[in-house]
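Below is one structure, written out as structure tokens, with a few remarks after it.
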Amino acid sequence: MGRVLPGWLQYAKRCYARWSFVRGNAMKSCYLVLILLLAASACSDNKRSVEEAATVAEQSRIADNDQVRNRGANKDNWWDQLPRPEWSAYQKIDQDQDWFEVYLIADGIYAIYEPGQFEEVISFLITGEDRALLFDTGLGIGNMRRVVDQLTDLDVVVLNSHTHYDHIGSNYLFDVIYGTATEFTQRRALGSPPDAVADFLQEGWVWKTLPEEFSADTYQSRAFTISKIVGEGDRIDIGGRVLEILFTPGHAPDSICLIDRENRLLFTGDSFYLAPLYTHIPDSSFADYAVTAARLAGLAGDIDSAITSHNVPVVDSSYMTALGQAFADIQSGAANDFTLSDGHREYHFDGFSVIVKDEK
Numbered sequence: 057m058g059r060v061l062p063g064w065l066q067y068a069k070r071c072y073a074r075w076s077f078v079r080g081n082a083m084k085s086c087y088l089v090l091i092l093l094l095a096a097s098a099c100s101d102n103k104r105s106v107e108e109a110a111t112v113a114e115q116s117r118i119a120d121n122d123q124v125r126n127r128g129a130n131k132d133n134w135w136d137q138l139p140r141p142e143w144s145a146y147q148k149i150d151q152d153q154d155w156f157e158v159y160l161i162a163d164g165i166y167a168i169y170e171p172g173q174f175e176e177v178i179s180f181l182i183t184g185e186d187r188a189l190l191f192d193t194g195l196g197i198g199n200m201r202r203v204v205d206q207l208t209d210l211d212v213v214v215l216n217s218h219t220h221y222d223h224i225g226s227n228y229l230f231d232v233i234y235g236t237a238t239e240f241t242q243r244r245a246l247g248s249p250p251d252a253v254a255d256f257l258q259e260g261w262v263w264k265t266l267p268e269e270f271s272a273d274t275y276q277s278r279a280f281t282i283s284k285i286v287g288e289g290d291r292i293d294i295g296g297r298v299l300e301i302l303f304t305p306g307h308a309p310d311s312i313c314l315i316d317r318e319n320r321l322l323f324t325g326d327s328f329y330l331a332p333l334y335t336h337i338p339d340s341s342f343a344d345y346a347v348t349a350a351r352l353a354g355l356a357g358d359i360d361s362a363i364t365s366h367n368v369p370v371v372d373s374s375y376m377t378a379l380g381q382a383f384a385d386i387q388s389g390a391a392n393d394f395t396l397s398d399g400h401r402e403y404h405f406d407g408f409s410v411i412v413k414d415e416k
């Protein structure tokens with residue numbers, strides 16, 4: 057293979073190819089100056105794009121490593137509580153990877169569970185008559201594409217509840233990905249280097265044997281391409297089921313929920329689950345989360361169940377009311393059941409908690 061020319065030189069070469077079409081010495085001189093100016097500009101742009109890419113990679117690495125430190129993974133033998141009894145209520149579906157467990161949790165809705173890593177993240181394949189929507193793609197440790205292909209023959213569109221590493225891990229395996237226009241989403245779509253997520257495989261985070269084809273040395277959040285920008289109020293019709301997007305920032309700047317109004321279901325992503333809710337990690341916002349909590353509380357009468365993305369898949373709609381009240385009580389000072397640790401307050405409620413930065 058021949059040597060690749062620098063970007064600026066390739067640009068100048070393309071310009072020079074037009075030289076023969078320029079007539080007159082004066083015009084040739086002007087055109088030569090133009091070539092040099094454009095080449096210099098292209099060189100500057102190329103250098104800037106490389107520098108920007110390096111900056112983005114470093115920002116992703118720092119953010120992901122901060123997630124490790126702030127999530128308190130050093131929970132002694134957290135896996136001892138597995139299997140969680142809530143899963144026994146659902147039909148387990150056969151598939152060929154030990155890393156995943158798949159359950160049919162409602163008509164046409166599959167929960168794809170990864171219990172082998174501390175996050176216990178759950179992705180959801182929602183099937184319609186015409187196509188399917190995959191709400192998150194998990195950690196990227198197992199082959200999510202292979203699981204999905206075993207569950208449906210429909211065309212699949214991916215939509216992420218937000219773009220933290222444990223929800224976008226297999227995005228790169230899919231052709232059609234919807235995403236929000238937030239700067240956070242666009243930055244995370246560029247991927248991050250292996251050292252940004254390496255700590256998520258450290259001792260205390262993983263208890264199951266990693267897949268044979270998986271390489272811990274090269275594990276990373278891989279770049280992916282967003283096919284279509286979506287946002288608040290957009291409705292995705294997959295045939296016989298319509299999913300409406302709710303923009304719900306707080307946990308992350310690009311957090312969304314999906315509501316299936318006809319079937320009275322709310323997919324909460326990380327805006328709610330039965331575990332500590334994070335408002336203290338990088339890029340989270342307590343103020344935004346409080347607005348989101350109030351909004352979800354207002355939807356409690358419109359749904360029967362909330363479908364959550366960690367630990368257990370389905371909770372009663374009454375938890376949305378409890379979520380709204382929890383944030384309201386923290387804001388007003390009425391919440392007084394909390395513990396202090398490493399500069400954070402963890403407020404305890406029935407079935408979940410809220411971690412905030414201790415600013416007092």
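Per the working numbering, residue 57 is the first one in the sequence shown, and the count goes up by one each step.
We put the beta carbon where it would ideally sit given N, CA and C, even for glycine.
- Item | Spatial neighbours of E402 in its chain, beta-carbon cut-off 7 Å, leaving aside the 5 residues before and after | For the purposes of this step, residue 402 is taken as residue 346 along the sequence shown, with counting starting at 1. So the list reads P332, F394, T395, S409, I411, once near-sequence residues are dropped.
- Message: Once the 5 residues before and after L379 are set aside, which same chain residues still bring their CB inside 7 Å of it?
- Response: In the sequence shown, counting from the first residue as 1, residue 379 sits at position 323. The residues are F328, A349, L352, A353.
- Message: Per the DSSP calculation, R291 is bridged to which residue(s)?
- Response: Position 235 of the sequence shown, counting from 1, holds the residue named residue 291. Looking at the DSSP assignment, R291 forms a beta bridge with E300.
- Item | alpha helix (DSSP H) runs contained entirely in the region 168–210, provided each spans 4 or more residues | 200–207
- Query: Of the residues E175, I182, S217, which one's Cα is nearest the Cα of I204?
  - Reply: Stepping through the sequence shown from its first residue, residue 204 is reached at position 148. Per the sequence shown, residue 204 should be read as Val rather than Ile. If we check each option's Cα against that of V204, I182 comes out closest.
- For A245, does the three-state DSSP call read helix, strand or coil? Within the sequence shown, residue 245 is the residue found at index 189, counting from 1. In the structure shown, A245 sits in coil (DSSP, three-state: anything other than H, G, I, E or B).
- Own chain, CB closer than 6 Å to T208, minus 5 neighbours either side, in chain order: Here residue 208 refers to the residue found at position 152 when the sequence shown is read from its first residue. Result list for T208: T183, A188, in chain order.
- Item | Nonlocal neighbours in the same chain, by C-beta distance under 8 Å from P267, ignoring five residues either side | Taking the sequence shown and counting its residues from 1, one reaches residue 267 at position 211. These residues qualify, in order along the chain: Q153, D154, W155, I197, G198, N199.
- Query: With contact counted as at least three CB pairs below 8 Å, one residue from each stretch, are the region 298–313 and the region 230–241 in contact?
  - Reply: yes
- Message: So for I359, helix, strand or coil by DSSP?
- Response: Taking the sequence shown and counting its residues from 1, the one referred to as residue 359 is at position 303. Three-state DSSP puts I359 in coil, outside helix and strand.
- Task: Could you give the DSSP three-state label for E318: helix, strand or coil?
- Result: On the sequence shown, position 262 is the one that residue 318 refers to. Coil at E318, not helix or strand.
- Message: R244 and H220 - do their beta-carbons sit closer together than 9 Å?
- Response: As a position in the sequence shown, residue 220 is number 164, starting the count at 1. As a position in the sequence shown, residue 244 is number 188, starting the count at 1. Cβ distance < 9 Å, so H220 and R244 count as in contact.
- Item | Cβ distance (whole Å) where G325 is taken to contact S365 below 8 Å | Within the sequence shown, residue 325 is the residue found at index 269, counting from 1. Within the sequence shown, residue 365 is the residue found at index 309, counting from 1. With a Cβ gap of about 5 Å, G325 and S365 count as contacting.
- Would you mind working out which of D251, A390, I168, L246 sits nearest R278, comparing C-alpha positions? As a first step, residue 278 is located in the sequence shown; it is residue number 222 there, counting from the start. Comparing Cα positions, the closest option is L246.
- Note down, in chain order, each residue of its chain lying with its Cβ closer than 8 Å to the Cβ of S341, except the 5 sequence neighbours on either side. Looking up residue 341 in the sequence shown gives position 285. Same-chain partners within the cutoff: P305, G306, P309, T335.
- Pull up the distance between the alpha-carbon of E415 and that of I337, whole angstroms please. The residue you call residue 415 lines up with position 359 of the sequence shown. The residue you call residue 337 lines up with position 281 of the sequence shown. So the alpha carbons of these two residues sit roughly 14 Å apart.
- Item | Contact set for V232: own chain, Cβ-Cβ below 6 Å, skip 5 residues either direction | Residue mapping note: residue 232 aligns to position 176 of the sequence shown, counting from 1. Counting only Cβ-Cβ distances below 6 Å, and skipping sequence neighbours, we find V213, S283.
- Query: Between Q288 and I301, which are expected to be in contact by the criterion C-beta below 8 Å, what is the C-beta distance as a whole number of angstroms?
  - Reply: Your numbering for residue 288 matches position 232 in the sequence shown. Your numbering for residue 301 matches position 245 in the sequence shown. Before going further, note that residue 288 is Glu rather than Gln in the sequence given. Their Cβ separation, rounded to whole angstroms, is 6 Å, which keeps E288 and I301 in contact under 8 Å.
- Query: Hey, L257 and D222 are a contact pair by Cβ (cut 8 Å); roughly how many whole angstroms apart?
  - Reply: Position 201 of the sequence shown, counted from the first residue, corresponds to residue 257. Position 166 of the sequence shown, counted from the first residue, corresponds to residue 222. 12 Å between Cβ atoms; not a contact.
- Using 10 angstroms around the beta-carbon of G357, count the other beta-carbons present and answer buried if the total reaches 16, otherwise exposed. For the purposes of this step, residue 357 is identified with residue 301 of the sequence shown, where counting begins at 1. Under this definition G357 is an exposed residue.
- Query: Under the rule that 16 or more other beta-carbon atoms within 10 Å means buried, what is G225, buried or exposed?
  - Reply: On the sequence shown, residue 225 is found 169 positions in, with the first residue counted as 1. Flag for G225 reads buried.
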